[in-house]
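Enquirer: Quick note: the sequence shown uses the numbering used here, first residue 877, plus one each step. Virtual Cβ for every residue (Gly too), placed ideally from N, Cα, C. Predicted model only: the values in this text are computed from it and were never measured.
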Amino acid sequence: MLNRLKALVRGHGKSSPGAAADAVREAEAAFASGQHAAAEAALRRAIATASAPAERTRAERMLASILSARGDRRGAIEALRSALGNGHPDEEAWNELCFLLHQEGDAAGARDAATHGIAAFPSSAVLRTSLGNLHALGGDFVRAAAAYEEAVSLGPPSAELCYNLAIALAKLGRRADAIERYRQAIAIDPSHAAAHVNLANALREDGRTGDACAHYERAANLAPDSVLAHLGAAGAYQASGDLDRALASAGRAHALAPGDARVLTALANVLLERGDAEGAIARYVEALERKPGDIDLLMRLGNAHFRRGDRAGAVERYREVLAIDPANPVGHLVDSLTGGTTERAPDHYVARLFDEYADRFDAHLVKELRYDIPRLAADMLAPHAAAAGRRWDVLDLGCGTGLVGAAIEPFTRRIVGVDLSPAMIAKARETGRYARLEAGELVAMMRGEPDASYDLVTAADVFVYVGRLDDAIGEIARLLRPGGFAVFSVESRDALPADGDASAHGRGFRLNRSGRYAHALAYLERLAREHGFAFAERHDVTVRLDHGEPVAGYLVLWRAAGGPSAPAAPSAGTS
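Next comes the structure, spelled out in structure tokens:
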């Protein structure tokens, strides 16, 4: 503040000796010695005795600064408006007026001041930056981004300007542009820790988890006390499967903010994935004490109880969720744990499950769960593809990240994929194998497709989330060309111990405690007959491991009526 006054006084004294100048110097001395009231009085005398508009403007600018320092924002605003009306516009004065009006809660007035200032100073990057800030604070990120982009175009931008522009672009969903601007901010100022954190967030959303980890670490090194940097690193390392680093980062965040519910949740998430259900439960309980009734935390706590083998504890927590939100899809898990059987898992349940799983899906499914259905399906299809003499049009139901698409690609002319999880669809899109991808429920998607439009429909590890298959199989039959194929996997109900539920046996499927469905071979045979399919092949397979135990299932290949004879293959048997 004193430096600003000195600068104003120097300019005033050189151009305007006399009573007004003397009063200004008196004001400076009074302000420097802490006599603010005397400084204000001297400046008001200077304003009253000024003989030229420029002289009056300088005195009013100084008065505005003193009034602002004393907390009299309204008086400062009045002085600035008077100064700006004297015919000697000042870019900095317009900017100060914007700031003071914003502090007074007059958002519209602040934006109006910035707009008038830009009209007076068309090349002002500072005023455009202020206008962008005001729009961003008001939640108008379209106008904020436009103002920031104009400011950037006017000259070498600051790191902070590029950072603010990146945030606005990210809010608008323009992730690639946001990443570019975050990188620009870091190039200008490599020590901008917040830019590293937000760049890492954007990279993680873009599926570039490894790059995200590097920027979270850089931010943590630049700002060791940044909870957000350590928290982000914990989530990114967990998503990449590096649980040791995830735990270390979560531990550092916890040391900085031991009572933060977000930090406690992140630490619990890592502990649970490392197999420490007891430790995870303790942290989730702590987090719930800070966020009572939080549905996400109750869900996670229920999952931790389930992982510990405490079904009663899991059901209790899931029912707490239902008491808050009766329509919550966790009801599906309550049914699975209490012996109920529904016809399908709720769409929202499946979408959320796989959205959270997308980053580590391939590695976890293949390496830890020993999932090999795509390769087995491709081996089953190979002789039929060779006999067809042409490539196939394929619909991949529940395409996930594209594991089936990769396995059968040699047989295909065009692959269309559908999945409930937008995050999985994004991963599949990155492969470049799919001609079209849709995020949505599979039966609804199939109903929008023309008759006889595919040679092959695949559904690997999909029907485990659908109990009653009648509608899905009916649509598959409609979509297949004569002689076309359907290949799918299910978990085997026949391999499970009898549960005494006669009605479930009659339905041909059962909801297991895992939340997945198992299907009876007799039910599949009935569906095949009803919809005109012939069994081409069936394999008894291990579809995955569940807590280290093999899960028995069937890999089934059906052929639609019509078309040339199939090559010799086991018929409705095992191989």
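Is the Cβ of tyrosine 1399 closer than 7 Å to any Cβ of chain C?
Expert: Among the chains of the structure shown, chain C does not appear; only one protein chain is present.
Enquirer: What three-state label does DSSP hand arginine 949 in the structure shown?
Expert: helix
Enquirer: How is glycine 1409 classed by DSSP in three states: helix, strand or coil?
Expert: As written in the sequence, residue 1409 is phenylalanine, which differs from the glycine given in the question. In this structure, phenylalanine 1409 counts as strand in the three-state DSSP scheme.
Enquirer: Classify glycine 1357 as helix, strand or coil using the three-state DSSP reduction.
Expert: According to the sequence shown, residue 1357 is arginine rather than glycine. If DSSP states are grouped into helix, strand and coil, arginine 1357 belongs with the strands.
Enquirer: For alanine 1203, which three-state DSSP category applies?
Expert: coil
Enquirer: Which whole-angstrom value describes the C-beta separation of glutamate 1367 and alanine 1394, a residue pair presumed to lie in contact below a C-beta threshold of 8 Å?
Expert: With a Cβ gap of about 4 Å, glutamate 1367 and alanine 1394 count as contacting.
Enquirer: With a CB to CB cut of under 7 Å and the five nearest residues on each side skipped, what residues in its chain are close to arginine 946?
Expert: His912
Enquirer: Quickly, what does DSSP pair isoleucine 1291 with across the bridge? List them, please.
Expert: Paired residue(s): Val1270.
Enquirer: Please report the distance separating the alpha-carbon of alanine 1263 from that of leucine 1173.
Expert: 54 Å
Enquirer: Taking 7 Å as the threshold (C-beta atoms), are alanine 1044 and phenylalanine 1017 in contact?
Expert: yes
Enquirer: For arginine 1121, which residues in the same chain have their Cβ closer than 7 Å to its Cβ, ignoring the five residues on either side in sequence?
Expert: Tyr1113
Enquirer: What would DSSP say about tryptophan 1434, mapped onto helix, strand or coil?
Expert: The three-state secondary structure of tryptophan 1434, taken from DSSP, is strand.
Enquirer: May I have the straight-line CA-CA distance separating valine 1432 from phenylalanine 1411, to the nearest angstrom?
Expert: 8 Å
Enquirer: Terminal residues of the continuous alpha helix (DSSP H) containing threonine 1005?
Expert: It spans 1001 to 1013 - the alpha helix (DSSP H) in which threonine 1005 sits, taken as one unbroken run.
Enquirer: What residues in its chain sit with their C-beta under 8 Å from that of leucine 1048, if we drop five residues either side in the sequence?
Expert: Phe1017, Val1018, Ala1021
Enquirer: Quick one: Cα of glycine 1438 to Cα of asparagine 1388, how far?
Expert: 37 Å
Enquirer: Hey, phenylalanine 1364 and phenylalanine 1339: beta-carbon distance below 7 Å or not?
Expert: yes
Enquirer: Please list the terminal residues of the continuous beta strand (DSSP E) segment that includes alanine 1335.
Expert: 1330 to 1335
Enquirer: In the DSSP output, which residue or residues are listed as bridge partners for alanine 1428?
Expert: Beta-bridge pairing links alanine 1428 to Thr1418.
Enquirer: Tell me the DSSP bridge mates of valine 1146?
Expert: The partner list for valine 1146 (beta bridge, DSSP) is empty, contrary to what the question assumes.
Enquirer: For the beta strand (DSSP E) holding tyrosine 1310, just list the boundary residues, first then last.
Expert: Segment: none, tyrosine 1310 is in no beta strand (DSSP E) and carries neither H nor E.
Enquirer: Quick one, which of Gly1015, Pro998, Ala996, Ala1023 has its alpha-carbon nearest glycine 1008's?
Expert: Ala1023
Enquirer: With DSSP as the reference, please indicate the residues paired to alanine 1394 in a beta bridge.
Expert: DSSP links alanine 1394 through a beta bridge to Glu1367, Arg1386.
Enquirer: Taking DSSP as the reference, what is the three-state secondary structure of alanine 1099?
Expert: coil
Enquirer: In this structure, does DSSP put valine 1280 in helix, strand or coil?
Expert: helix
Enquirer: With alanine 1153 and alanine 1180 assumed to form a contact (beta carbons below 8 Å), what rounded beta-carbon distance in angstroms separates them?
Expert: 5 Å
Enquirer: I believe glutamate 936 touches alanine 959 by the beta-carbon criterion, under 8 Å. Please report the beta-carbon distance rounded to the nearest angstrom.
Expert: Contact between glutamate 936 and alanine 959 holds: CB atoms are separated by about 4 Å, below the 8 Å threshold.
Enquirer: In terms of alpha-carbon separation, which member of Asp1118, Val1206, Pro1298 lies closest to glutamate 1314?
Expert: Looking only at Asp1118, Val1206, Pro1298, the smallest Cα-Cα distance to glutamate 1314 is reached by Pro1298.
Enquirer: If you draw a straight line from the alpha carbon of methionine 938 to that of histidine 992, how long is it in whole angstroms?
Expert: 21 Å
Enquirer: Indicate the three-state DSSP secondary structure (helix, strand or coil) for glutamate 1036 in the structure shown.
Expert: Glutamate 1036 falls in the helix class under three-state DSSP.
Enquirer: May I ask you to report which of helix, strand or coil DSSP gives glutamate 1314?
Expert: strand
Enquirer: Measure the C-alpha to C-alpha separation of leucine 943 and asparagine 1077 and round it to an integer number of angstroms.
Expert: So the alpha carbons of these two residues sit roughly 42 Å apart.
Enquirer: With DSSP run on the structure shown, which of helix, strand or coil describes alanine 1362?
Expert: strand
Enquirer: Residues in the same chain with beta-carbon distance under 6 Å from alanine 952, minus the five sequence neighbours each way, listed in chain order, please.
Expert: If we look at alanine 952 and ignore the five residues flanking it on each side, its Cβ neighbours are Ala940, Leu943, Ser944, Leu976.
Enquirer: Check whether the region 1303 to 1317 and the region 1346 to 1365 are in contact - that is, three or more C-beta pairs closer than 8 Å.
Expert: no
Enquirer: Would you report the Cα separation of aspartate 1422 and phenylalanine 1182, rounded to the nearest angstrom?
Expert: 13 Å
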